[in-house]
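Colleague:
Numbering (my numbering), first residue to last: 144 to 370.
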């Protein structure tokens, strides 16, 4: 499921692809593999998130529901990478670091923010993967509980599986919800769990947000109340 991204490494354009069993870098001009790192799955192939590229510190991060998280250091002089850390829990319930299903995480300085397998929103120390804090209020506390994040300056916009759009601020101490509004009602077409879910990633343009469930698409004005 994971979409490839293009980065610049050692003066070359490299396509980063998360395949079924590995994270690989391909020369964009020729398609040849210039580096690859095994990332095997234990039970099923569920690599969904797009690899996260930290341009400032030359790091790549991936995470999945089944097999935990991997952080790589990307060499800026040569077409090589080095594993900084890789962590996974005993299973999908007893997790370590992050076991993300579909909501792309955020890398900020020395922190990684993301949603674990059952909706636990976590902050990790990017240096080693240790958990710094956990929040259980931002999305559903159920299997595949998730939310999507979009950075906007110092703030992070979040859209959770309950259909709520939030403006938040993430710090080493925790998450601050600045504003929250109901954008959509969950539907059961995507997942027949309880009252259903809203899993679509929001799109932002011209100070508006667009999103959908299985019954409707909505556009909301984000300038309301602006001075």
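C-beta atoms are modelled at their ideal positions from N, C-alpha and C, and glycine is treated no differently.
#1: Would you say the beta carbon of residue 186 comes nearer than 7 Å to a heavy atom of the ligand NAP?
#2: Using a Cβ-Cβ cut-off of 8 Å (strictly less than) and excluding sequence neighbours within five positions of residue 217, which residues of its own chain qualify?
#3: Are the beta-carbon atoms of residue 260 and residue 238 separated by less than 8 Å?
#4: Residue 194 by DSSP, collapsed to three states: which one?
#5: Quick one: grab the DSSP three-state call for residue 347.
#6: Rounded to whole angstroms, what is the Cα-Cα separation between residue 317 and residue 233?
#7: Can you tell me where the beta strand (DSSP E) with residue 303 in it begins and where it stops?
#8: If I'm right that residue 166 touches residue 157 with Cβ under 8 Å, what's the distance once you round it to whole angstroms?
#9: Please classify residue 287 as buried or exposed, where buried requires at least 16 other C-beta atoms within 10 Å of its C-beta.
#10: Rounded to whole angstroms, what's the CA-CA distance from residue 192 to residue 300? Just pull it up for me.
#11: So, with DSSP's three-state summary, where would you put residue 150?
#12: Tell me, please, whether the region 269-276 touches the region 240-256 by the rule of three or more beta-carbon pairs shorter than 8 Å.
#13: Under a Cβ-count criterion, where at least 16 other Cβ atoms within 10 Å of its own Cβ denotes burial, should residue 154 be classed as buried or exposed?
#14: Residue 181: which of 240, 357 and 226 sits nearest, CA to CA?
#15: Does the Cβ of residue 330 have 16 or more other Cβ atoms within 10 Å, making it buried, or fewer, making it exposed?
Modeller: Taking the structure as given:
#1: Absent from the structure shown: the ligand NAP. Ligands present: none.
#2: 150, 152, 201, 202, 203 and 224
#3: yes
#4: coil
#5: strand
#6: Going from the Cα of residue 317 to the Cα of residue 233 covers about 26 Å.
#7: 298-303
#8: Actually they are not in contact, since the Cβ atoms of residue 166 and residue 157 sit about 12 Å apart, beyond 8 Å.
#9: The residue in question, residue 287, is buried, as its Cβ has 16 or more Cβ neighbours within 10 Å.
#10: 17 Å
#11: strand
#12: yes
#13: exposed
#14: Looking at the Cα atoms, 226 is the closest of the given residues.
#15: buried
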